[in-house]
Each structure stands twice: as C-alpha cells, then as structure tokens.
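Protein chains in written order, with this note's numbering: chain A, 161 to 262; chain B, 161 to 262; chain C, 161 to 262.
Backbone N, C-alpha and C fix where the C-beta goes; we use that ideal spot for every residue, glycine too.
All values derive from a computational prediction rather than experimental measurement.
To start, the structure itself, in structure tokens.
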Amino acid sequence: MNMPHAACKLLTVICEAGLENDLLRDLERLGATGYTITDARGRGARGVRNAAWSESANIRVEVLCSEPTAEAIVQRLKQRYYANYAMVLFMADVAVLRVEKF
Amino acid sequence: MNMPHAACKLLTVICEAGLENDLLRDLERLGATGYTITDARGRGARGVRNAAWSESANIRVEVLCSEPTAEAIVQRLKQRYYANYAMVLFMADVAVLRVEKF
Amino acid sequence: MNMPHAACKLLTVICEAGLENDLLRDLERLGATGYTITDARGRGARGVRNAAWSESANIRVEVLCSEPTAEAIVQRLKQRYYANYAMVLFMADVAVLRVEKF
Chain A
161 MNMPHAACKL LTVICEAGLE NDLLRDLERL GATGYTITDA RGRGARGVRN
211 AAWSESANIR VEVLCSEPTA EAIVQRLKQR YYANYAMVLF MADVAVLRVE
261 KF
Chain B
161 MNMPHAACKL LTVICEAGLE NDLLRDLERL GATGYTITDA RGRGARGVRN
211 AAWSESANIR VEVLCSEPTA EAIVQRLKQR YYANYAMVLF MADVAVLRVE
261 KF
Chain C
161 MNMPHAACKL LTVICEAGLE NDLLRDLERL GATGYTITDA RGRGARGVRN
211 AAWSESANIR VEVLCSEPTA EAIVQRLKQR YYANYAMVLF MADVAVLRVE
261 KF
C-alpha cells in the first residue's frame, strides 16, 4: 500500500448492552483513544438475544489500538467479566489511514 | 500475540432484512454457534436501500466460525439465495480471544 | 480456501452522521459499487458522541473495493474532510465470496 498508514489492531467486543458504561470506563482507563458502538442483537452461548427486548440487547464495540493496549484490554475484560457475562472478543489486523489520530 | 486465542474466520453476510429468520435457521443448522446482527442500509447491485423504508432495510450478520463451517454456510447461501436476492458475503481472518466459547 | 473468491479491501469510514449524503456522493463518484451504513456512536479525538443526540450521531460506512479504488477514496476524503471533521478510516483484507458482484 502506497498510502501513509499505521498497522493497528481492531478489537471488537460483543456483550450485553447493560455493560456499556462499565466497559467504556475500562477502555478509557486502559488507553483506548476512541471507540465506536453499534447496537446489535444475536445468539451466543446464552441463547437468542433480541434488540427489541431492552434487557437482552447487545452492543458491538470497536477499538482501534496498538497490540499492547489490546492485550491490556483483553486481560482486564477477562478478569472482570468472563465469569459472569456473555462476552465475545476478537481481534483483526487493520491499516489505519488517518495516522495522526493514533 | 502472547494471549491465548483461536484463529477463526469472521464471515459477514449483508442482505435484505426480510431474510433474517430463514438465514438464521440456516446458520444454526450448519453449525454456527453464535451470530451478531446489526440493522443497516446501503446501496448495492440493486440500488439504494434505506433503513427508514422497512421493505428495503438490510441486515449485517457476523458469524465467527471455523473455515469448514464458513465454507458450508457459503455453499448453502449460494444455492438458496444468490439467484433471487441481493446478498454480499465476505470473510476475514480474526483471532478470537475467548477461546473456550468456540 | 477452496471456494471461488476475490481478494478485496474492506474500507471502513467512521464519521459524523451529517456527512452521509456528501460522503456517499463521493464514494459513488470514485467507483464504489456498493456500501453498507450502520448508525453508531462513539468517542474519538473530539469527545464523547451519543447516538441519542442527533447532532452528534456517527455513521459507520463499509465499502468493499479494489485497492486502487480504496486509495482514491482515501485521497479524496483526506482532502475534503480531514481538516474540519472527525473521521476515522481503516482498511482490512477480506475474501469476497460473491465474486460476480465485484
């Protein structure tokens, strides 16, 4: 690729909507400089969730960050949420094109 | 990456919202253990679609799965929907960090 | 992968919802044959944005395209929006499985 870019990690967290405030506080504390949230619904280990029922709505949170920041976030979420909440976490390699923001 | 993780495929399906129930039944039958749905709108081969018009709303469905499961899903969707529906399918490599769930 | 597929770029643009019409016109002019839009909210360099406040809602636009088309889009968005708008742009490699559409 000829364009100036930064190799980053795109970390995606899918979890219950009710965790949003706690999760965002964790992300900020651990060095995420931004995140994008979309409302979602889905099925996972805990059965069908439907966005129309507010108590079971999910959110999909994306964080662009360095690998060390991603590792710190994953470590924290694992300790804090895995035992008691449905949470899916996955990571991909992306090229960020507005390099001055990261 | 030092964290325990599983290399998976992230399969994304974008299609008409009206296909949701049929599509989810197919995904479950073919071995998907979870999926995430977000409402979307867009333009593709069949012209501009706008989420405000319910008849043309799209959905964006994400499935984390193994490559064989992804191939089975793609094969099935191709046979069942390609001829008559607007449907976009793409696949990326991701590292899933909650390995015990897949 | 044994399935017929095309290696493509998935370009994701996250920006203020108010830019939607201008941005989509740019995408079409620059050769994007389709895009998917989801409503989002988030925090970035310009502070917390919340989808409940229409003036600060974000959109997340995905475009599947060739690398040259992605480069043309990035170049244009950079010239037109970077100075005055919060905009995040990132790109990933994906395999598109409905090859006849791209």
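- Distance between C/TYR195 and B/ARG201, taken at the CA atoms: about 8 angstroms.
- Proximity of chain B to A/TYR195 at the Cβ level (cut-off 8 angstroms) is not reached, the minimal Cβ distance being about 16 angstroms.
- Rounded to the nearest angstrom, the gap between the Cα atoms of B/VAL223 and B/MET163 is 22 angstroms.
- By the CB criterion at 9 angstroms, C/ASN218 and C/CYS175 fall inside the cutoff.
- At a cut-off of 9 angstroms between beta carbons, A/ASN162 contacts chain C.
- Residue range 180-189 is occupied by the alpha helix (DSSP H) that includes B/LEU184.
- Against chain A, the beta carbon of C/LEU249 has neighbours under 8 angstroms at VAL256, LEU257 and ARG258, listed in chain order.
- Of the candidates B/ARG258, B/GLU227, B/LEU187 and B/LEU237, B/LEU237 places its Cα closest to the Cα of C/ARG258.
- Residue C/ARG240 holds the alpha-carbon nearest to the alpha-carbon of C/ASP182 among C/ALA246, C/ARG240 and C/MET161.
- Boundaries around B/THR229 are those of the alpha helix (DSSP H), 227-241, since no beta strand (DSSP E) includes it.
- Distance from the CA atom of B/CYS168 to the CA atom of B/SER226, rounded to whole angstroms, is 5 angstroms.
- Secondary-structure assignment with DSSP links B/TYR195 through a beta bridge to A/ARG203.
- The residue from A/GLU180, A/VAL221 and A/LEU171 with its alpha-carbon nearest to that of A/ILE197 is A/VAL221.
- Assigned with DSSP and collapsed to three states, B/ALA246 falls in coil, not helix or strand.
- For A/THR172, same chain residues with a beta-carbon under 6 angstroms away, outside a window of 5 residues either side, are GLU222 and PHE250 in chain order.
- With respect to chain B, the C-beta atom of A/ARG220 has a partner C-beta closer than 9 angstroms.
- The beta carbon of B/GLY191 lies closer than 6 angstroms to those of THR229 in the same chain, with the five residues before and after it left out.
- In the DSSP assignment, B/MET251 is bridged to B/LEU171 and C/ALA255.
- At a cut-off of 9 angstroms between C-beta atoms, C/ALA192 does not count as an interface residue with respect to chain A.
- In its chain, beyond the 5 residues on either side, ARG236 have a beta carbon closer than 6 angstroms to the beta carbon of A/ASP186.
- Going by beta carbons, B/GLU231 and C/MET247 fall outside the 9 angstroms limit.
- In this structure A/ARG189 is exposed. Its beta-carbon is surrounded by fewer than 16 other beta-carbon atoms within 10 angstroms.
- C-alpha of C/GLU180 to C-alpha of C/ILE233: approximately 15 angstroms in a straight line.
- Using beta-carbon distances, B/THR172 does not count as an interface residue toward chain A, since no partner is under 9 angstroms.
- In the three-state scheme derived from DSSP, where H, G and I count as helix and E and B as strand, B/ALA217 is classed as coil.
- Apart from sequence neighbours up to five positions away, no residue of its chain approaches C/THR193 with a beta-carbon distance below 6 angstroms.
- Straight across, the Cα-Cα distance linking A/ALA177 with C/TYR242 is about 32 angstroms.
- Rounded to whole angstroms, B/ARG203 and A/GLY204 show a C-alpha spacing of 29 angstroms.
- Take C/LEU170, set aside five residues on each side of it, and the residues of its chain with a beta-carbon closer than 8 angstroms to its own are GLU222, VAL223, LEU224, MET251, ALA252, ASP253 and VAL254, in chain order.
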